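**Student:** Handing you this structure, nothing more for now.
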Amino acid sequence: GAGVSQSPRYKVAKRGQDVALRCDPISGHVSLFWYQQALGQGPEFLTYFQNEAQLDKSGLPSDRFFAERPEGSVSTLKIQRTQQEDSAVYLCASSLGQGNTEAFFGQGTRLTVV
Amino acid sequence: AQSVTQLDSQVPVFEEAPVELRCNYSSSVSVYLFWYVQYPNQGLQLLLKYLSGSTLVKGINGFEAEFNKSQTSFHLRKPSVHISDTAEYFCAVSDFNRGSTLGRLYFGRGTQLTVWP
Numbered sequence: 002g003a004g005v006s007q008s009p010r011y012k013v014a015k016r017g018q019d020v021a022l023r024c025d026p027i028s029g030h031v032s033l034f035w036y037q038q039a040l041g042q043g044p045e046f047l048t049y050f051q052n053e054a055q056l057d058k059s060g061l062p063s064d065r066f067f068a069e070r071p072e073g074s075v076s077t078l079k080i081q082r083t084q085q086e087d088s089a090v091y092l093c094a095s096s097l098g099q100g101n102t103e104a105f106f107g108q109g110t111r112l113t114v115v
Numbered sequence: 122a123q124s125v126t127q128l129d130s131q132v133p134v135f136e137e138a139p140v141e142l143r144c145n146y147s148s149s150v151s152v153y154l155f156w157y158v159q160y161p162n163q164g165l166q167l168l169l170k171y172l173s174g175s176t177l178v179k180g181i182n183g184f185e186a187e188f189n190k191s192q193t194s195f196h197l198r199k200p201s202v203h204i205s206d207t208a209e210y211f212c213a214v215s216d217f218n219r220g221s222t223l224g225r226l227y228f229g230r231g232t233q234l235t236v237w238p
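Chains G and S supply the protein sequences, listed in that same order. For the first sequence, our numbering gives the first residue as 2, with consecutive numbering after it. For the second sequence, our numbering gives the first residue as 122, with consecutive numbering after it.
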């Protein structure tokens, strides 16, 4: 596609609900990153995929967070039993390779847990 | 882990005035440096990046930044701002040391630039 696409753009969940956030990276991009951006903060790293392999998940805040990219393209970030502190914008970024290649960001999914 | 400090959370300026947004990072080891801009309800757009070579980097929309290794700084500048430059600006660092996830970005907290007519 022309850019990184994320859906839904906005999600309101009741506390305790499970949510799934989708990311469609740019076609052919090997690397995929998820970031969490709390209100008034910079994005913080959650996890990284190289093709279908999840090589770094050190930024996931708890075991309620799970990410997958089974075919090395679309990725899903799942949050189980959502809590109010999960409210944030979740950004997905993809890049052609590693290192100095430019990362392209999606518009993000704004999650509000009520 | 890297740490990125953006010293100013808000910078108000008048149109056509010069502006400097400050950024310092924690480590003097090998890094790549980036500035991103975020408009309301939008994702991040790359303004410019420093990978190697000349320490003065030019980006889109008339912005430039200078890498200063001794001061571990990467300040963003524009000689004359427009109202359309009003946005949030993020400085980011990526290191390429052994054991690091290549391409992982460490962001500052952001600087809100507001340009007044």
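Ideal placement from N, C-alpha and C gives every residue a C-beta, glycine not left out. Note that the coordinates shown come from a computational prediction; the quantities given were computed from them, not determined experimentally.
Does the pairing of the stretch 36 to 44 of chain G with the stretch 219 to 237 of chain S give three or more beta-carbon distances under 8 angstroms?
**Tutor:** Contact between the stretch 36 to 44 of chain G and the stretch 219 to 237 of chain S is present, because at least three Cβ pairs lie under 8 angstroms.
**Student:** Kindly list, in the order they appear in chain G, the residues whose Cβ is closer than 8 angstroms to that of S:Phe211.
**Tutor:** Simply Gly43 and Pro44.
**Student:** Mind checking if G:Gly107 is an interface residue toward chain S, Cβ cutoff 8 angstroms exclusive?
**Tutor:** Yes, its Cβ sits closer than 8 angstroms to a Cβ of chain S.
**Student:** Which residues in chain S have a C-beta closer than 8 angstroms to the C-beta of G:Tyr49? List them in chain order.
**Tutor:** What G:Tyr49 touches in chain S: Thr222, Gly224 and Arg225.
**Student:** Please state the DSSP three-state secondary structure of S:Ile204.
**Tutor:** DSSP places S:Ile204 in helix when its eight states are reduced to three.
**Student:** Kindly list, in the order they appear in chain G, the residues whose Cβ is closer than 7 angstroms to that of S:Gln163.
**Tutor:** By Cβ distance, chain G contributes Gln108.
**Student:** Would you mind stating whether G:Val31 and G:Gln51 have Cβ atoms separated by less than 8 angstroms?
**Tutor:** A contact, by the Cβ cut-off of 8 angstroms.
**Student:** Could you list which residues in chain S have their beta carbon closer than 8 angstroms to that of G:Glu86, in chain order?
**Tutor:** Within chain S, no residue comes near G:Glu86; the closest Cβ sits about 18 angstroms away, beyond 8 angstroms.
**Student:** Could you list which residues in chain G have their beta carbon closer than 7 angstroms to that of S:Gly231, in chain order?
**Tutor:** Per Cβ cutoff of 7 angstroms: Gly43.
**Student:** At the 8 angstroms Cβ level, is S:Ala228 part of the contact set with chain G, yes or no?
**Tutor:** For the sequence presented, residue 228 of chain S should be read as Phe rather than Ala. Taking Cβ atoms only, chain G reaches closer than 8 angstroms to S:Phe228, which makes this a yes.
**Student:** Using CA coordinates, which residue listed in S:Phe217, S:Pro238 and S:Ser205 is at the minimum distance from S:Pro161?
**Tutor:** The residue with the shortest Cα to Cα distance from S:Pro161 is S:Ser205.
**Student:** Measure from the alpha carbon of S:Pro139 to the alpha carbon of each residue in S:Ala213, S:Phe184 and S:Thr126, then state which is nearest.
**Tutor:** Of S:Ala213, S:Phe184 and S:Thr126, the residue nearest in Cα terms is S:Phe184.
**Student:** Taking one C-beta from the stretch 10 to 22 of chain G and one from the stretch 79 to 98 of chain G each time, how about it: are there three or more such pairs within less than 8 angstroms?
**Tutor:** At 8 angstroms Cβ cutoff, the stretches touch.
**Student:** Roughly how many angstroms lie between the CA atoms of S:Gln163 and G:Arg70, to the nearest whole one?
**Tutor:** When rounded, the distance between both Cα atoms is 24 angstroms.
**Student:** Determine the DSSP secondary structure at G:Ile80, reduced to helix, strand or coil.
**Tutor:** Reduced to three states, the DSSP call for G:Ile80 is strand.
**Student:** Any C-beta of chain S within less than 9 angstroms: which residues of the stretch 30 to 42 of chain G qualify?
**Tutor:** If the cut-off is 9 angstroms between Cβ atoms, the stretch 30 to 42 of chain G has Ser32, Phe34, Tyr36, Gln38, Gly41 and Gln42 near chain S.
**Student:** I believe S:Glu141 touches S:Arg198 by the beta-carbon criterion, under 8 angstroms. Please report the beta-carbon distance rounded to the nearest angstrom.
**Tutor:** Confirmed, about 5 angstroms.
**Student:** Would you call G:Pro26 buried or exposed, if buried means 16 or more other Cβ atoms sit within 10 Å of its Cβ?
**Tutor:** G:Pro26 should be labelled buried.
**Student:** Taking 8 angstroms as the CB-CB limit, is S:Leu142 close to chain G?
**Tutor:** It does not; no Cβ of chain G falls within 8 angstroms.
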